[in-house]
Amino acid sequence: MSAIRKLIAVWAAKAASVAGRIVGKKSSSSPGVLALKICPNLISLLAKNVTKGVIVTCGTNGKTTTNNLLNSSLKKYGFTTVCNTLGANMIGGIATAFAQACNIFGAFKADYAVLEVDEASARRVFKHIKPNYMLITNLFRDQLDRYGEIDITVDLLNEAIDMADGVKLILNGDDPLTARFGEGRDAVYFGISEQVLPPSDETKEGRFCLKCGEEQEYNYFHYSQLGDYYCPHCGNKRPEIDFAATDVDLSESMKFTVRGKRIDVNYRGFYNIYNILAVYAALNTIGVKTDNFNEILSDYKPQIGRMELIPMGGKPFILNLAKNPAGFNQAIQTVLLDKRPKDVIVAINDLANDGRDVSWLWDVDFDKLAEANLKQLITTGIRMYDISLRFKYADVKFDLITEDMKFALSRCFNNKEAEVCYVLVNYTALYPTQTAMLEYQKEVGAALPPSESNRNGGALSAG
Amino acid sequence: MRDNGKFEINIIHLYPDLLNLYGDRGNIACMEKRLEWRGITANVRQCTNKDSDIDLTGADIIFVGGGSDREQEIVCSRLLKMKDELKAYVNSGGVLVAVCGGYQLLGKYYKTALTKIEGLDILDIYTDSGDTRLISNVVLECDRFDMPIVGFENHAGRTYLGEGVTPLGKVLFGNGNTGDSGYEGVIYKNVIATYLHGPLLPKNPQLCDYILARALERKYPGFEGLEPLDDGLEELANKYIVGKYVGKA
């Protein structure tokens, strides 16, 4: 009976995915939700076909990038995988990934399942499939109305980890909130083991010692709460780092050394060091040889909206997704590193997947955009008045509020004073913005000098 | 513009390092800018966990925000040491704005499943924690202002009001103090306490100006009131929330 249910569920999910594509819907979660209605234990039935191990990636920022990069590395090293590459990371998205991997007889074989899992969904997912390895990137404030407070996320993850007997943890050791999951458990840590960025006064998330509540100090500090932390009061400190990045050089491409290997890739954004380190640590922990790692990194094609270059008639437009203060602050820092005269469009939505609360906008250091050599600043999205208000009270002059993304794009395309345009969006604004950009690109053509394409190629984001 | 150069307001932000959830620092920016735009000097002093003693001398507005339970407990233990001083400040008409965790700790106590945290006993209120978090956009009707107050609540605490205090507003949308009382926040003397983030003040310019005016009147007897500012954008942001959750006025 369950074999037939399984088969019908797989067919239903496949049919729903095809139907979704025909009507242009990009949701990769609903086919799986449908399949689970037909066969509630579909995931655990199909998980039996995974032979070598299940790897789960959690964490606030960088989990899609990290998980997809890990997946594509494993494939390059000759393994077969099942992976929710589109970032649908609740139970429906995971069911979709498994159903898609099946042939029409409901069968597949994979060496590894490489799954990105939403922190709040981890307990639900682990009832169906238990990870052998679990990678946690970091914990920042995100979508607060869904998660409550960050302490709740920590509790949820602790319960999930306890459900996965014998799991090996791969943790960001620079993040006190994440590193703590390793206490009394089997864990390895990755981290950046030197001062790289200039000091900043941004909001620190977990600046108080998790053990005694006193304020932590840092030997050096990267961003948010990440760095070489220690508590002068009780002695709690950053764990010993197993995979440490040193000799970091961000002047042109991104270079650093980990376990004697020199990484050299054409990525942007400091946070990408963490994404690469996490993948490197995971591959080594699983026991996969990391030969030709630089080539594998260069071949990786990032998902949409991660500092994605969409040229418009010879002018570079760069689309970036950020979902929370840490992600937006990192995006702003990347914009500031680009010294060219520029236009910036910011689009903010407040749909369920964004979090209905937009108060986090006030935790982003938007005032720094005043030093970004701005020629035009345009606000849009459902909460365009809120983001405009944020700029008003930060003394950053904005030029236009509009509901019409295409109009915003045309204003930037026609602005001769600016050489580049950054389009910064939050989650549900991403797909409509990308669609509008590609449509506008069709009207004006792409054409960009090859030097520019190289410069932006292979960029990843924290989102 | 009137010559406001002689006016000066001192704002104390209590424990921004501990209580800094949900963009509450935007409230400070809002008060600061709305004074500056009228030519009034605004001095903001941040009192952090590193300061061993907090001196309230010269304070015209005190702001305290919200934090996680853990951080709130630290703040509570610090503030209890200056309980009498804070009480005297409030009783003499001092302006105090408290959001979320800051609101709860002004009461008699905050009881969670595990502990009972003693409050500052400045407001005749107490808070019990509920089983669920009350999370929602909020719209309030408030007699003092024509614009509804809008914000975002996210709290497990249920706050019960005693005889001596009045609610800030009537809930038109959202949960409010307890989820079923129909009211939100507290107004008592010159204390405004509420669960509303958003942050609270930028989308509620009338409330912000009310707070600023109380502080100016207290410091400068005979103060003639604040001149209006261009609040077109603030009104649009406010109207968006009201229109979406309550319907067009």
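Heads up: the sequence lines are chains A and U, in that order.
Take -4 as the starting number for the first sequence in the numbering used here and just add one per residue.
Take 57 as the starting number for the second sequence in the numbering used here and just add one per residue.
Every residue gets a Cβ at the ideal spot worked out from N, C-alpha and C, and that includes glycine.
Bear in mind the structure is a predicted one, so any value in this text is a computation, not a measurement.
Among the residues of chain U, those whose CB is under 9 Å from the CB of serine 383/A are Leu289, Leu292, Ala293, following chain order. In this structure isoleucine 89/A is in contact with leucine 110/A, their Cβ atoms being roughly 6 Å apart against a cut-off of 8 Å. For threonine 215/U, there is no enclosing alpha helix (DSSP H); the enclosing beta strand (DSSP E) covers residues 205 to 217. Taken through DSSP and simplified to helix, strand or coil, glycine 186/U comes out as strand. Under the 7 Å criterion on CB atoms, histidine 211/U is classed as non-interfacial with respect to chain A. Note on threonine 55/A: 16 or more other CB atoms within 10 angstroms of its CB, so buried under the neighbour-count rule. At a beta-carbon threshold of 7 Å, none of the residues of chain A lie near alanine 269/U; the nearest stands roughly 19 Å away. Isoleucine 17/A and alanine 11/A have their C-alpha atoms spaced approximately 10 Å apart. When the alpha-carbon of histidine 211/U is set against those of Asp236/U, Val151/U, Ser185/U, Asn294/U, the nearest one is in Ser185/U.
Selection Ala249/U, Ile191/U, Asp199/U, Ile243/U evaluated against phenylalanine 229/U yields Ile191/U as nearest (Cα-Cα). In the structure shown, isoleucine -1/A falls within a helical segment according to DSSP collapsed to helix, strand and coil. Counting along the chain, phenylalanine 386/A sits inside the alpha helix (DSSP H) bounded by residues 379 to 388. DSSP, read as helix, strand or coil, puts isoleucine 156/A in helix. Neighbours of glutamate 127/U across chain A, judged by C-beta separation under 7 Å: Phe203. Fewer than three Cβ pairs drawn from the stretch 109 to 120 of chain U and the stretch 278 to 289 of chain U lie within less than 8 Å of each other, which leaves the two stretches out of contact.
Note that the stretch 88 to 96 of chain U does not touch the stretch 210 to 226 of chain A; fewer than 3 beta-carbon pairs, one per stretch, sit closer than 8 Å. Going by DSSP, glutamate 209/A is part of no beta strand (DSSP E) at all; its letter is neither H nor E.
Within chain A, the residues whose beta carbon sits less than 8 Å from that of alanine 85/U are Trp357, Tyr388, Ala389, listed in sequence order.
The criterion of a C-beta distance shorter than 7 Å is not satisfied by isoleucine 165/A and valine 191/A. Looking at Val131/U, Leu256/U, Glu197/U, Gly299/U, the one whose alpha-carbon comes closest to that of serine 354/A is Leu256/U. The contact set of asparagine 105/U on chain A, defined by CB atoms closer than 7 Å, consists of Glu210 in chain order. For glycine 222/A and threonine 329/A, the gap between their C-alpha atoms comes out near 19 Å. Secondary-structure assignment with DSSP links alanine 154/U through a beta bridge to Val120/U, Ala249/U. If you check the CB distance, serine 24/A and alanine 83/A come in under 7 Å. Within the stretch 340 to 372 of chain A, those residues whose Cβ lies closer than 7 Å to any Cβ of chain U are, in chain order, Arg351, Asp352, Ser354, Trp355, Leu356, Trp357, Asp358. For the options Ser116/A, Leu64/A, Leu172/A, Asn133/A, the alpha carbon positioned closest to that of methionine 158/A is the one of Ser116/A. Proximity of chain A to lysine 259/U at the Cβ level (cut-off 8 Å) is accounted for by Asp381, Leu384, in chain order. The continuous beta strand (DSSP E) containing alanine 239/A extends over residues 238 to 244. Using beta-carbon distances, glycine 175/U does not count as an interface residue toward chain A, since no partner is under 7 Å.
If you keep only unbroken beta strand (DSSP E) runs of at least 3 residues inside the stretch 60 to 120 of chain A, you get 76 to 78, 105 to 111.
The beta-carbon of aspartate 146/A is placed less than 7 Å from the nearest beta-carbon of chain U. Valine 153/U and alanine 249/U have their C-alpha atoms some 6 Å from each other.
Taking a Cβ-Cβ threshold of 7 Å, the residues of chain A close to lysine 89/U are Tyr388, in chain order. For the stretch 181 to 195 of chain U, the set of residues with a beta-carbon nearer than 9 Å to any beta-carbon of chain A comprises Arg189, Ile191, Ser192, Asn193, in chain order.
The beta carbon of aspartate 180/U is closer than 6 Å to those of Gly218, Gly220, Val221 in its chain, skipping five residues each way along the sequence.
Using a Cβ-Cβ cut-off of 7 Å, histidine 69/U does not count as an interface residue toward chain A, since no Cβ of chain A sits closer than that to its own.
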